[in-house]
Amino acid sequence: MKEIAKLLQQNPNLKLHVVGHTDNVGKINYNMKLSKARAAAVVKELVTKYNISPKRL
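Residues 934 to 990, numbered by my numbering, are exactly what the sequence shown covers, in order.
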């Protein structure tokens, strides 16, 4: 995460598309929610810990 934040900080025009992934074990609805939660956690950390604008994510 630190390296990605550094890359974004050094390249202010760079945008990042954040997605989450799961395996195929379990129900699809649960896995979709889990994928979204994982992506949201990454965005939250980049915004709060590294001061990356959410508009870039």
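The beta-carbon is built from N, C-alpha and C at its ideal position, and this holds for glycine as well.
Rounded C-alpha distance that separates residue i from residue j
i	j	result
Ala972	Gln943	22 Å
Val958	Val952	18 Å
Lys939	Asn962	34 Å
Arg989	Lys960	31 Å
Terminal residues of the alpha helix (DSSP H) in which residue i lies
i	result
Leu949	Unbroken run through Leu949: none, as it is neither H nor E.
Leu941	935-943
Collapsed DSSP secondary structure at residue i in the structure displayed
i	result
Val975	helix
Ile961	helix
Ser986	coil
Thr955	coil
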